[in-house]
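*Asks:* Just so you know, the protein sequences line up as chains A and B, in that order.
Going by this note's numbering, the first residue of the first sequence is number 8, and it counts up by one from there.
Going by this note's numbering, the first residue of the second sequence is number 8, and it counts up by one from there.
There are 2 protein chains.
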Amino acid sequence: MRLAQGVEWGLHACVLLAVIPESAALPAGRLAEYHGVPAAYMAKNLQALSRAGIVESVPGQKGGYRLARPAGEITLLDVVEAIDGTEPSFRCNEIRRRGPAAVAAREYRAVCTIAEAMWRADERWRAELRAQTVGDLVAGLGRAVSPKAVAKTATWFQEVLP
Amino acid sequence: MRLAQGVEWGLHACVLLAVIPESAALPAGRLAEYHGVPAAYMAKNLQALSRAGIVESVPGQKGGYRLARPAGEITLLDVVEAIDGTEPSFRCNEIRRRGPAAVAAREYRAVCTIAEAMWRADERWRAELRAQTVGDLVAGLGRAVSPKAVAKTATWFQEVLP
DNA sequence: GTCCCTATACTCGGATAGCAAGTGTCCGAGTATAGGCGG
DNA sequence: CCGCCTATACTCGGACACTTGCTATCCGAGTATAGGGAC
Chain A
8 MRLAQGVEWG LHACVLLAVI PESAALPAGR LAEYHGVPAA YMAKNLQALS RAGIVESVPG
68 QKGGYRLARP AGEITLLDVV EAIDGTEPSF RCNEIRRRGP AAVAAREYRA VCTIAEAMWR
128 ADERWRAELR AQTVGDLVAG LGRAVSPKAV AKTATWFQEV LP
Chain B
8 MRLAQGVEWG LHACVLLAVI PESAALPAGR LAEYHGVPAA YMAKNLQALS RAGIVESVPG
68 QKGGYRLARP AGEITLLDVV EAIDGTEPSF RCNEIRRRGP AAVAAREYRA VCTIAEAMWR
128 ADERWRAELR AQTVGDLVAG LGRAVSPKAV AKTATWFQEV LP
């Protein structure tokens, strides 16, 4: 089970968008440049975030992307589901209804016990992601990233932000 | 993010192996037949379970597979990791170290905040799977599966078990 | 000097190839069994 | 009648094609900007 690569990029992009001035917008190319990833693919993932209403796009020259709502109201689950999809990781194919022990469909009222257990674990995973927001990540940034990196980022901002 | 198909089959297979007499062994072909799935692919997954020490194989004629230890000591996580692998769903590529804001490797002592959050969610998922055993599934089987299906399974057992 | 218009350059958005991993399959090595033979 | 031996048939185990979905890319539609011209 592997989460899509774009989830990592989407999360980093959201964090970066959360620390720029609220009125400014950062184009996909710049976001890709900052993270050292292919611009075209980063753009694709940003489109997914846009469709989900997490970021909003500003068209035209000097346009780009910015957060559609405060970072504290964007959960990690929002970002993950926007890029990776909402369906649970475990998909029940009801194989219990096949083979020699199969009985009439009427008999299968209770949900498959195995699927139930797997979906419960899935829900735990989602609950944890739902409990944390992009704002929390930004708040914890001070102790996690070195002052030098902060300074270089600030310099980069002055270059790309008008 | 999609869990491998084989996980579902492996779990169902373990449940079935848990309800047959302890000394008996069920070949891969029979397990596949019971669940209505391709025999060759079911065999592949059983091999993974065998490598992980969850089931043990009995070679030769009248051979097959049986649980390597009591069902109560086989967690769902054991089965999932045996088939789907043990690496976490989120893979951190350290993209923070790339691009114009990158600094010396020495500065990145703290783990990436985003990866930390994702891995914590992953651990919640694993903890939930670790808390439930194949034995628990078997215990809950009585209320989940209809008496008719139980009867048909018993009949099938009499055909395939010597 | 101010306002309006036009051309530009930049942006996003969706449609299009490439590749890796999961899915599905096959055949060979090994072993417990069943039958036959000899004592 | 009993024990041993051999041939058999069945099992698992690993190596080989194929398909789906993620990865990566490109080009067209749309818009705010910047510059120039008219008043």
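Quick reminder that beta carbons are idealized off the backbone N, C-alpha and C, glycines included.
1) Here's a check: name, in chain order, each residue in its chain whose Cβ is nearer than 7 angstroms to the Cβ of ARG103 of chain A, leaving out the five neighbours to either side.
2) I want to verify the contact list: residues of chain A whose CB lies under 8 angstroms from the CB of ASP129 of chain B, in sequence order.
3) Look at the alpha carbon of LEU83 of chain B and the alpha carbon of GLU114 of chain A, and state the distance between them as a whole number of angstroms.
4) Taking the straight line between their C-alpha atoms, what separation do you get for TYR41 of chain A and ARG116 of chain B?
5) VAL30 of chain B: buried (16+ other C-beta within 10 angstroms of its C-beta) or exposed?
6) Below 9 angstroms on C-beta distance, what does GLY106 of chain B contact in chain A?
7) On a CA-only basis, which of B:GLU80, B:GLY79 and B:SER57 is nearest ALA71 of chain B? Give me that one, please.
8) Roughly how many whole angstroms lie between the Cα atoms of ALA75 of chain B and GLN68 of chain B?
9) Is the Cβ-Cβ distance between VAL14 of chain A and ILE121 of chain A less than 7 angstroms?
10) Smallest Cα separation from THR93 of chain B: which of B:ALA55, B:ALA39 and B:GLY149?
11) What residue range does the alpha helix (DSSP H) around SER57 of chain B cover?
12) Is there a Cβ from chain A that is less than 7 angstroms from the Cβ of ALA146 of chain B?
13) Between ILE102 of chain B and chain A, is the shortest Cβ-Cβ distance under 7 angstroms, so that the two count as touching?
14) LEU18 of chain B CB to nearest chain A CB: under 7 angstroms?
15) Nearest CA to the CA of SER153 of chain B: which residue from A:VAL110, A:THR162 and A:ALA138?
16) Strictly by DSSP, which residues pair up with LEU18 of chain A?
17) Can you tell me which residues form a DSSP beta bridge with SER64 of chain A?
18) Under 6 angstroms Cβ to Cβ from GLN139 of chain A, same chain only, skipping five residues before and after it: list those, please.
19) So LEU10 of chain A contacts chain B; which residues on that side make the cut at Cβ distance below 7 angstroms?
20) Which residues, taken in chain order from the segment 51 to 75 of chain A, show a beta carbon closer than 7 angstroms to some beta carbon of chain B?
21) Quick check on GLY17 of chain A: buried or exposed, where buried means 16 or more other Cβ atoms within 10 Å of its Cβ?
22) Could you tell me the alpha carbon to alpha carbon distance between ILE27 of chain A and THR160 of chain A, rounded to whole angstroms?
23) Is ILE121 of chain A close to chain B, meaning its C-beta is less than 7 angstroms from at least one C-beta of that chain?
24) Quick one: list the residues of chain B neighbouring THR82 of chain A, beta-carbon separation under 7 angstroms, in chain order.
25) Have a look at the DSSP bridge pairing and note the partners of LEU33 of chain A.
26) Considering only the alpha carbon of each residue, which of B:LEU136, B:TRP132 and B:ARG137 lies closest to LEU136 of chain A?
27) Considering SER165 of chain B, what are the terminal residues of the alpha helix (DSSP H) in which it resides?
28) For THR93 of chain B, which of helix, strand or coil comes out of DSSP?
29) Out of A:ARG150, A:GLY79 and A:LEU53, which has the shortest C-alpha to C-alpha gap to LEU33 of chain A?
30) Can you name the start and end residues of the alpha helix (DSSP H) that ALA108 of chain B belongs to?
31) To the nearest angstrom, how far is it from the Cα of ALA35 of chain A to the Cα of TYR48 of chain A?
*Replies:* In brief:
1) On the first sequence, residue 103 of chain A is found 96 positions in, with the first residue counted as 1. Closer than 7 angstroms at Cβ, skipping near neighbours: CYS119.
2) Mapped onto the second sequence, residue 129 of chain B falls at position 122. Result: TRP132.
3) As a first step, residue 83 of chain B is located in the second sequence; it is residue number 76 there, counting from the start. As a first step, residue 114 of chain A is located in the first sequence; it is residue number 107 there, counting from the start. For LEU83 of chain B and GLU114 of chain A, the distance between alpha carbons rounds to 26 angstroms.
4) For the purposes of this step, residue 41 of chain A is identified with residue 34 of the first sequence, where counting begins at 1. For the purposes of this step, residue 116 of chain B is identified with residue 109 of the second sequence, where counting begins at 1. Approximately 20 angstroms, taken between the alpha carbons.
5) Start at 1 with the first residue of the second sequence, and residue 30 of chain B comes out as number 23. A small correction: the amino acid at residue 30 of chain B is Ser; Val does not occupy that position in the sequence shown. Exposed: under 16 other Cβ atoms inside 10 Å.
6) As a working mapping, residue 106 of chain B is identified with position 99 in the second sequence. Going along chain A in sequence order, the residues near GLY106 of chain B (Cβ under 9 angstroms) are ALA39, GLU40, TYR41, HIS42, GLY43, VAL44 and TRP163.
7) The residue labelled residue 71 of chain B in the question sits at position 64 within the second sequence. Before going further, note that residue 71 of chain B is Gly rather than Ala in the sequence given. Of the candidates B:GLU80, B:GLY79 and B:SER57, the one whose C-alpha sits nearest the C-alpha of GLY71 of chain B is B:SER57.
8) Here residue 75 of chain B refers to the residue found at position 68 of the second sequence. Here residue 68 of chain B refers to the residue found at position 61 of the second sequence. When rounded, the distance between both Cα atoms is 19 angstroms.
9) Residue numbering aside, residue 14 of chain A sits at position 7 when the first sequence is read from its first letter. Residue numbering aside, residue 121 of chain A sits at position 114 when the first sequence is read from its first letter. Cβ atoms of VAL14 of chain A and ILE121 of chain A: not closer than 7 angstroms.
10) Taking the second sequence and counting its residues from 1, the one referred to as residue 93 of chain B is at position 86. By alpha-carbon distance to THR93 of chain B, the top candidate from B:ALA55, B:ALA39 and B:GLY149 is B:ALA55.
11) The residue you call residue 57 of chain B lines up with position 50 of the second sequence. Element bounds for SER57 of chain B: 46 to 58.
12) Sequence index remark: in the second sequence, residue 146 of chain B carries index 139 (1-based). Using beta-carbon distances, ALA146 of chain B does not count as an interface residue toward chain A, since no partner is under 7 angstroms.
13) Within the second sequence, numbered from 1, the residue matching residue 102 of chain B stands at position 95. So yes, ILE102 of chain B belongs to the interface.
14) The count along the second sequence starts at 1 and reaches residue 18 of chain B at position 11. True, the Cβ-Cβ gap to chain A drops below 7 angstroms.
15) As a position in the second sequence, residue 153 of chain B is number 146, starting the count at 1. When each option's Cα is compared against that of SER153 of chain B, the closest is A:VAL110.
16) Locating residue 18 of chain A in the first sequence gives position 11, counting from the first residue. In the DSSP output, where bridge partners are listed per residue, LEU18 of chain A has none listed.
17) Translated into positions along the first sequence, residue 64 of chain A becomes position 57. Its beta-bridge partners are A:TYR72.
18) The count along the first sequence starts at 1 and reaches residue 139 of chain A at position 132. Counting only residues of its own chain and dropping the five nearest sequence neighbours on each side, GLN139 of chain A has a CB closer than 6 angstroms to the CB of LEU83.
19) Start at 1 with the first residue of the first sequence, and residue 10 of chain A comes out as number 3. Going along chain B in sequence order, the residues near LEU10 of chain A (Cβ under 7 angstroms) are MET8, SER96 and PHE97.
20) For the segment 51 to 75 of chain A, the set of residues with a beta-carbon nearer than 7 angstroms to any beta-carbon of chain B is empty.
21) As a working note, residue 17 of chain A is residue 10 in the first sequence. It counts as buried.
22) Numbered from its first residue, the first sequence carries residue 27 of chain A at position 20. Numbered from its first residue, the first sequence carries residue 160 of chain A at position 153. C-alpha of ILE27 of chain A to C-alpha of THR160 of chain A: approximately 11 angstroms in a straight line.
23) What you label residue 121 of chain A is simply residue 114 of the first sequence in a count that begins at 1. Taking a beta-carbon distance threshold of 7 angstroms, ILE121 of chain A counts as an interface residue toward chain B.
24) Locating residue 82 of chain A in the first sequence gives position 75, where the first residue counts as 1. Chain-order list of chain B residues neighbouring THR82 of chain A: empty, with the shortest C-beta distance near 11 angstroms, by a criterion of under 7 angstroms.
25) By one-based count along the first sequence, residue 33 of chain A stands at place 26. Partner(s): A:TYR72.
26) Position 129 of the first sequence, counted from the start, is the residue given in the question as residue 136 of chain A. Closest by C-alpha distance to LEU136 of chain A, out of B:LEU136, B:TRP132 and B:ARG137, is B:TRP132.
27) The count along the second sequence starts at 1 and reaches residue 165 of chain B at position 158. Just to set this straight, residue 165 of chain B is Gln in the shown sequence, not Ser. Note, GLN165 of chain B: alpha helix (DSSP H), 154 to 167.
28) Counted from its first residue, the second sequence places residue 93 of chain B at position 86. Three-state result, THR93 of chain B: coil.
29) Taking the first residue of the first sequence as position 1, residue 33 of chain A is located at position 26. Nearest option by C-alpha distance: A:LEU53.
30) Counted from its first residue, the second sequence places residue 108 of chain B at position 101. Element bounds for ALA108 of chain B: n/a, residue is neither H nor E.
31) For the purposes of this step, residue 35 of chain A is taken as the residue at position 28 of the first sequence. For the purposes of this step, residue 48 of chain A is taken as the residue at position 41 of the first sequence. Their Cα atoms are separated by approximately 9 angstroms.
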